[in-house]
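Inspection log for the structure reproduced underneath, given as structure tokens.
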Amino acid sequence: MKKGEKILFGVIALLVVITVVNFVVLEAVRRHSEQPLFPVLTHFDFSADGLQGYHLYQQSNCYSCHRAVGSGTSMGVSLDGLGSKHDVSYFYNFLKSPEQTYGARTLDHGTPPKDAAYVSSLPDADLRSMAVFLSELKSDQGSSSSFEPPKGDSSFINAMLDMWAPDGWRSQYKDIRDWMKTKSNEEQHDGKH
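Start counting the sequence shown at 62; every next residue gets the next number (this note's numbering).
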């Protein structure tokens, strides 16, 4: 090998070693930490029907594609927090006839030979329980699955707006964060009177 190739492979090997060490340290810290590394901005409080739906979710191996209640894979849509976006009837209709409800072709749900085609043929009671389960997976304000932005000012959001939003965008559009502050102030004012 030439000297330049040795240096290149040495740098690559060093980067691989640093990456592996960082991963091992991060995993060790994560496993021994009592607090999660990142804030958990989704929650659930299952009713009896929702708990039955969760058991059906597990028995049907939905977690092999989806993530819910903090476990599963990310091959498909993460289900945590979706209950803040849709209601029980939407989820029931989606599970029963996904492509008609979604309004477009779906990757795995729908008619055979799609992998999750079996879901729409489950008994109605099971579909209803799964729909209740999905509707009870809620997101907190500031979660990526929430309609409401994080409370207070966000330096990250401000930096992104400064970098990517066109000049003068505030004159054309309303900033939802300003509306949220106004709404919060009005609620506090109404509570005092």
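All C-beta atoms, glycine included, are put in the ideal place defined by N, C-alpha and C.
None of the values given here were measured: they were computed from a predicted structure.
Taking the continuous alpha helix (DSSP H) assigned at residue 17, which residues delimit it?
Nothing in the structure corresponds to residue 17, since the chain is present only between 62 and 254.
Beta carbon of residue 114 nearer than 7 angstroms to that of residue 124
no
Taking only beta-carbon atoms, is residue 83 less than 7 angstroms away from chain E?
Looking at the structure shown, chain E is missing, and only one protein chain is on hand.
Please specify which runs of the alpha helix (DSSP H), each continuous and at least 4 residues long, are wholly inside the stretch 147-216, giving them in chain order.
149-157, 159-163, 185-196
Identify the continuous beta strand (DSSP E) that holds residue 105 and give its terminal residues.
103-105
C-beta atoms of residue 98 and residue 92 nearer than 7 angstroms:
no
Just to confirm the assignment, what range does the alpha helix (DSSP H) spanning residue 228 have?
Per DSSP, residue 228 belongs to no alpha helix (DSSP H) and is neither H nor E.
Segments of 3+ residues assigned as beta strand (DSSP E) that fall wholly inside the stretch 69-120:
103-105
Alpha carbon to alpha carbon, what distance is there between residue 62 and residue 129?
50 angstroms
DSSP puts residue 132 in a beta bridge; with which residues?
129
Straight-line CA distance for residue 199 to residue 193?
12 angstroms
Environment of residue 189 [buried if 16+ CB atoms lie within 10 Å]:
buried
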